[in-house]
Structures are given as C-alpha cells and as structure tokens.
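Here's the structure, in structure tokens; my notes come after.
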Amino acid sequence: MFAIIELGAKQFKVAPDQFFVADKTSNAVGNSFDAKVLLLSDENKVNIGSPALAGAKVTLKVIEDCKGEKIHGFKYKKRKNYKRAWGHRQQLQKFQVVSISG
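Position in the sequence shown counted from 1, then plus 644, gives you this note's numbering.
Here it is in structure tokens:
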C-alpha cells in the first residue's frame with residue numbers, strides 16, 4: 645500500500661512506517677497531523693482524487709527539525725572591486741508515516 649500526498653507545494657510517495665524529509669511546516673516536534681491525499685493504492689486498485697481524495701487519510705508525525713545542506717553563492721565583477729558571498733540552509737523537518745487509511 646502506498647499513497648501520494650501533498651505537503652506545501654511538493655508531492656511525496658509514502659508507505660506505512662516510512663521516514664522522509666520535507667520543508668518545514670507549522671507543526672511542532674512530536675505533533676501528528678493529516679496530510680492531503682492525492683492518490684491511494686492497494687495491491688489491486690488505485691484511487692485517484694481530483695484534486696484530493698475525500699475520506700482518505702494519511703497521518704504524519706513530526707520527528708525532528710533539521711537543516712538542509714549549505715548552499716554557497718558568489719557574485720563578482722572584474723575590475724570593479726565588487727564581490728558578494730552568501731549562503732543558505734533550508735529549514736526542514738523529518739516525518740514518519742503513522743498510518744494510511746481510506
């Protein structure tokens with residue numbers, strides 16, 4: 645069994661008891677919440693929503709807050725004495741799929 649869910653503006657294929665990392669949500673560590681289900685599949689049948697499935701439910705639990713890999717950027721203009729360096733680390737959360745029903 646698997647489901648395709650939407651978190652923010654991204655979609656993820658998840659299975660029961662799976663861990664995955666996605667962009668940070670407004671949920672605190674330890675909280676559980678339900679995600680929007682776009683597709684639900686058993687061994688024999690596939691249910692597709694338009695855009696979401698009514699009655700289907702995927703429960704996620706927030707395991708921890710974490711950060712992504714550091715991204716470095718650099719701007720430079722020759723002979724103009726202009727240099728600018730910057731970096732960014734995306735705020736992420738680790739989730740566990742508690743249950744899939746529908």
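For every residue, glycine included, the Cβ atom is placed at its ideal position computed from N, Cα and C. Predicted model only: the values in this text are computed from it and were never measured.
Checklist line | Beta-carbon proximity list for K701, same chain, < 8 Å, skipping 5 on both sides | finding: D678, V681, S743, I744, S745, G746
Check: Can you list the beta strand (DSSP E) stretches of 3 or more residues lying completely in the segment 678-733, in chain order?
Finding: Runs found: 690-692, 701-711, 715-721, 726-732.
Note to self: Please identify the residue among Q662, E650, H732 whose C-alpha is closest to the C-alpha of K711.
What the structure shows: When C-alpha distances from K711 are compared across Q662, E650, H732, the shortest belongs to H732.
Check: Considering only C-alpha positions, which residue in the set E708, K705, D667, A659 is nearest to D686?
Finding: A659
Next item on the list: Under 7 Å Cβ to Cβ from A696, same chain only, skipping five residues before and after it: list those, please.
Entry: K680, V681, L682
Checklist line | Rounded separation between K654 and R723 - CA only | finding: 43 Å
Checklist line | For A729 and Y739, the rounded distance between their alpha carbons | finding: Going by the sequence as given, residue 739 is Phe instead of Tyr. Going by C-alpha positions, F739 is about 33 Å away from A729.
Notebook entry, point to check: In three-state DSSP terms, what is S670?
Noted result: coil
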